[in-house]
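Chemist:
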Amino acid sequence: MIWVLTGPPGAGKGTQAMQLAAAMGWLHISTGELLRTNIQAGTPLGGEAAARLDAGMLVADETVIAMVAERLAAPDARAGVLFDGFPRTLAQAVALDEMAERLGYLPPRAVVLKVSPETVVVRLTGRRVCRAAGHPYHLVYRPPKVAGVCDVDGTELIQRADDSPETVARRLEVYEAETQPVLQYYRDRGRLTEVHGEEKPAAVAEQLLQAANG
Ligand code: AMP
């Protein structure tokens, strides 16, 4: 089974996807994390993607689709996969359907976390992530036990370059233009579940579990 967790930037996809994948025994694949890992490791793919991430723009479809195809073909994906941040364009959604069919999965299902643009801005500008693994925190809503330090691995907490106010505005525009059609794609095929993303994290997690089990 392949699941897609989608929603605007700052909807809580990363945090919820980690928990849901762990609860269901699925592999969590975040294309944003895969891209950031490539950038840190200095790979050619990372070199190509870095400027676009910093500007809040999407990385080319061919690049992201090739990266996902490779990850999805690995043996640890067989138990089930939860995508976080993919597909973000119609071309990616069509490519994912084709990959799923080729690899013998059921047609992918999507869950969208619905959050207002105002909430997105507050959430993203206060967001911090750890340098080592991207574990997520928020200065107000989810502070670490020790200020500036990751609870999980003890590394420094940093602000992502693409969480600056100007870049957040750009990412919201990109979401409206490129990713809303993806929601419609899944809705038209009866494969979309909507979840209210503005509730407390535990309540959102509960709705997601129900969607995944239903
Ligand atoms: P995220 O961590 O999901 O917010 O992604 C961070 C950034 O990585 C995005 O703003 C894009 O620049 C890039 N990115 C992540 N996933 C994709 C995707 N599926 N298609 C294109 N670009 C992506």
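Residue numbering for the sequence shown follows our numbering, beginning at 367 and increasing consecutively. All C-beta atoms, glycine included, are put in the ideal place defined by N, C-alpha and C.
From P473 to T429, what distance separates their C-alpha atoms?
Modeler: Distance between the alpha carbons of P473 and T429 is about 22 Å.
Chemist: What does DSSP give as the partner residue(s) for A368 in the beta ladder?
Modeler: Reading off the sequence shown, one finds Ile at residue 368, where the question assumed Ala. I368 is bridged to V447.
Chemist: Report the three-state DSSP secondary structure of V477 (helix, strand or coil).
Modeler: Reduced to three states, the DSSP call for V477 is strand.
Chemist: Out of P510, K379 and A440, state which residue places its alpha-carbon closest to the alpha-carbon of M465.
Modeler: Comparing Cα positions, the closest option is A440.
Chemist: Would G446 and M367 qualify as a contact pair, given that the criterion is a beta-carbon distance under 7 Å?
Modeler: Yes, these two residues count as a Cβ contact at 7 Å.
Chemist: For T491, which residues in the same chain have their Cβ closer than 7 Å to its Cβ, ignoring the five residues on either side in sequence?
Modeler: Same-chain partners within the cutoff: D529, P531 and V534.
Chemist: Identify whether Y471 lies in helix, strand or coil by the three-state DSSP scheme.
Modeler: Coil at Y471, not helix or strand.
Chemist: Just to confirm the assignment, what range does the beta strand (DSSP E) spanning V561 have?
Modeler: From DSSP, the beta strand (DSSP E) with V561 extends over L558 to H562.
Chemist: Is there a Cβ from chain B that is less than 7 Å from the Cβ of A443?
Modeler: Any reference to chain B falls outside this structure, which holds one protein chain only.
Chemist: Between the alpha carbons of R557 and V370, how many angstroms are there, rounded?
Modeler: Cα to Cα, R557 sits roughly 10 Å from V370.
Chemist: Okay, do the region 395 to 402 and the region 476 to 491 touch, 3+ Cβ pairs below 8 Å being the bar?
Modeler: Result no; under three Cβ-Cβ pairs closer than 8 Å.
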